[in-house]
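As structure tokens, the structure follows; a few thoughts come after it.
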Amino acid sequence: MRTHLTRWMAACGLVVAVLTAPFAVAQSAGEAKPVAVVAFAGYDELMKDLNFVGELGDHKGASDMIEQFVQMFTQGKGLAGFDKTKPIGAIIQTDGQMPSGAICLPVSDVNALLDVAKGFGVTVTDMGDGVSQIRTPQGAGAFLKKSGNWALLSMAPTMFEGLPEDPADAFAPLVKQYDVAVNVLVKNLPEAYRQQAIDAMSQGAQARGAKESDEEYAARQKAFEAQLAQMKEFINDLDAVTVGVKVDNDKHNAVFDFVYTALPGTKLAKQIADNSKVTTNFAGFSKPEAAMNVTFASATSGADVSQVQQMIETARAKGNAAIEKTSKIEEGSKAKAKEALEDFLTAFQKTLEGGVTDGGASLELGDNSMSFVAGAYVVDSAKVLEGIKKYAELETTDLPKVELDAETIGDVKFHNVTYKIPADDEKAKKLLTENGEMIVGVGKNAVYFAMGADPVAAVKAAIAASAKSPKKAIMPFEMTIGLQQALEFAKSVAEEDQKPLIENLSEAVSSASSGSDHIRLVGEPVKNGIRTRLELQEGVLKAIGKGASQARMQGAGAPAGF
9 MRTHLTRWMA
19 ACGLVVAVLT
29 APFAVAQSAG
39 EAKPVAVVAF
49 AGYDELMKDL
59 NFVGELGDHK
69 GASDMIEQFV
79 QMFTQGKGLA
89 GFDKTKPIGA
99 IIQTDGQMPS
109 GAICLPVSDV
119 NALLDVAKGF
129 GVTVTDMGDG
139 VSQIRTPQGA
149 GAFLKKSGNW
159 ALLSMAPTMF
169 EGLPEDPADA
179 FAPLVKQYDV
189 AVNVLVKNLP
199 EAYRQQAIDA
209 MSQGAQARGA
219 KESDEEYAAR
229 QKAFEAQLAQ
239 MKEFINDLDA
249 VTVGVKVDND
259 KHNAVFDFVY
269 TALPGTKLAK
279 QIADNSKVTT
289 NFAGFSKPEA
299 AMNVTFASAT
309 SGADVSQVQQ
319 MIETARAKGN
329 AAIEKTSKIE
339 EGSKAKAKEA
349 LEDFLTAFQK
359 TLEGGVTDGG
369 ASLELGDNSM
379 SFVAGAYVVD
389 SAKVLEGIKK
399 YAELETTDLP
409 KVELDAETIG
419 DVKFHNVTYK
429 IPADDEKAKK
439 LLTENGEMIV
449 GVGKNAVYFA
459 MGADPVAAVK
469 AAIAASAKSP
479 KKAIMPFEMT
489 IGLQQALEFA
499 KSVAEEDQKP
509 LIENLSEAVS
519 SASSGSDHIR
529 LVGEPVKNGI
539 RTRLELQEGV
549 LKAIGKGASQ
559 ARMQGAGAPA
569 GF
């Protein structure tokens, strides 16, 4: 997960670096190559989406307001000459030194569109070769070139060089999938752009924290250097990055995609190929009826050992410093606490270096009840057990207590973990029992955790269900959240004055199609790459719309909950 987050940050940094690059007149240094394409599905399509979003918040005909504004702003001319059915976009190029490119507007009659602009005092001067100079009354200017059914706008005539005659070909792959999208062709990016992305992510990393010890600071710097090296390697291995948004009024959902693809023959390409078909031995820990499910798996030839070591060193330094500072562990027990920490870190490190991860978790919510269960693959689970035993020997105050070997099922030994719930916290006692009981189970190459109602039985059932579906094919990562179950649970534990709002949101979710109340985050393989998709289903969108509507009403003075 840490690697995926690092890659996500690096790729987003690239997108920002390209889109915020300063534009200037390009000096001829080589053949101009496209580095980014920005595309909007088209005016009509965007208006449909606006209507759909407006209806979610009980605000029908939202596009009518836009149309009225356009008519008023253009003195009744509207968008004459503008083709509302085709995509709108921009193409950014570079010759290796400076960026160039143009905004591309679909037109049915470019002169009619210019007449609309002239109504605002804009002047148009013919520069020859099909290029016109446009100036506003304030003196700001741009250049326009007609290319087929397109009007290209740029900062200088030289920026039109190398652009496709029909920009629709560049926009088509994006608008086929998304309403709004950005595609960055990383392989064409000059080194300066790549470094700009790295510098953006490095901001603040060199600064020392006010309460950071010498050991913590040194460990963090080493870990950062290793992470920086990984980011540079990742960026150099990239082929392209795409970020896209689609509001689908037919499927009644919204998706947000982040996609990266690798250059053939690179280390990244091999890692992607290794993870294109992954399986899990923890399928039973994911339950379709649960309020939340998480599954993950990866299989590579091994992680970057130096980076893993640096990450472990950072965790060790922070953990040991925390042990030294805390007053909840008796002084005579702090050495053993560090030994326990070392056992946990060793098990974690061996698992990461092995290159294989596998696990799952689920959270079930009911009326004033909850049950959480999780399981994961660990190379050296015996080390985890050693760490638990050492923790159980500690003399502590206000920290969870461990009861060793509370129960054994098969090769799994369960250990009770209890902590003192404040006497006046009746809700927590009802959810987690009087002593806040949790269990940790350790088996062969596996560690389990559960809390809530009958945790041992929950883990036992999940292990049994997993055994029935060994090596089950799954996505590399998937998390789903069922909003309706979460709202029903929230209502059961909420204060009385909060219940009307929760009930209204729950009613909004219930009005959607059956089973469409999920938030879904999925990492899945695509051709030569990985796509991370966030999907908001119909019920979730309706809840957002209802929440926005209630916020407007409350802002206007309506009572809470209406």
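Basically my numbering = 1-based index in the sequence shown + 8. Every residue, glycine too, gets a C-beta built ideally from N, C-alpha and C.
Check                                                                                                                                                                       : Outcome
Over what stretch of residues does the beta strand (DSSP E) that includes Ile538 continue unbroken?                                                                         : Gly537 to Leu544
Roughly how many angstroms lie between the CA atoms of Asp419 and Ala281, to the nearest whole one?                                                                         : 34 angstroms
Based on the DSSP secondary-structure assignment, which residues constitute the bridge partners of Met459?                                                                  : Phe380 and Met446
Considering only the beta carbon of each residue, do Gly589 and Ala178 sit closer than 7 angstroms?                                                                         : Shown here, the chain extends from 9 to 570; a query on residue 589 therefore has no answer.
Quick one: grab the DSSP three-state call for Leu407.                                                                                                                       : coil
Cβ atoms of Asp72 and Ser557: under 7 angstroms apart, would you say?                                                                                                       : no
Nearest to Ile471 by CA position, among Gly368, Leu549 and Asn424, is which residue?                                                                                        : Gly368
Among the candidates Ile96, Ala329 and Val255, whose CA atom is the shortest distance from the CA of Val46?                                                                 : Ile96
So what does Asp366 bridge to, in DSSP terms?                                                                                                                               : Ala305
Can you name, in chain order, every residue of its own chain whose Cβ lies under 7 angstroms from the Cβ of Leu353, other than the five neighbours on each side?            : Ile320, Ala323 and Arg324
To the nearest angstrom, how far is it from the Cα of Glu401 to the Cα of Gln317?                                                                                           : 28 angstroms
So for Asn424, helix, strand or coil by DSSP?                                                                                                                               : strand
What residue from Gln204, Val386 and Val61 has the CA that sits closest to Ala551's CA?                                                                                     : Val61
Identify the continuous beta strand (DSSP E) that holds Asp388 and give its terminal residues.                                                                              : Per DSSP, Asp388 belongs to no beta strand (DSSP E) and is neither H nor E.
Residues in the same chain with beta-carbon distance under 7 angstroms from Lys507, minus the five sequence neighbours each way, listed in chain order, please.             : Lys499
From this set, Glu169, Thr405 and Gly170, which residue's C-alpha is nearest Glu338's C-alpha?                                                                              : Thr405
In chain order, what residues of the same chain have a beta carbon less than 8 angstroms from the beta carbon of Asn119, not counting five sequence neighbours either side? : Gly89
When burial is assigned at 16 or more other CB atoms within 10 Å of the CB, is Asp207 buried or exposed?                                                                    : exposed
CA-CA distance, Leu491 and Leu54?                                                                                                                                           : 27 angstroms
Helix or strand or just coil, what does DSSP make of Val249?                                                                                                                : strand
If I measure Cβ to Cβ from Phe497 and keep anything under 6 angstroms in the same chain, skipping five residues before and after, which residues do I get?                  : Leu373
Could you have a look at Phe128 and say whether DSSP puts it in helix, strand or coil?                                                                                      : coil
Ser533 and Ser306: beta carbons closer than 7 angstroms?                                                                                                                    : The residue asked about is misnamed: residue 533 is Pro in this sequence, not Ser. No, Cβ-Cβ distance for Pro533 and Ser306 is not below 7 angstroms.
Quick one: Cα of Thr184 to Cα of Gly50, how far?                                                                                                                            : Correcting the residue type first, residue 184 is Lys in the shown sequence and not Thr. Roughly 11 angstroms between the two C-alpha positions.
Tell me the rounded alpha-carbon separation between Asn376 and Lys259.                                                                                                      : 34 angstroms
Of all the options Val392, Phe232, Gly69 and Pro175, which has the alpha carbon lying nearest to the alpha carbon of Asn157?                                                : Pro175
Going by beta-carbon coordinates alone, are Thr303 and Glu486 separated by less than 7 angstroms?                                                                           : yes
Using CA atoms only, rank isn't needed, just tell me which of Ser514, Pro114 and Gly383 is closest to Lys452.                                                               : Gly383
Could you work out which residue in Val448, Asp265, Gln235 and Thr540 is closest to Val410 when comparing CA atoms only?                                                    : Val448
Provide the residue(s) that pair with Leu113 in DSSP beta bridges, ordered along the chain.                                                                                 : Ala159
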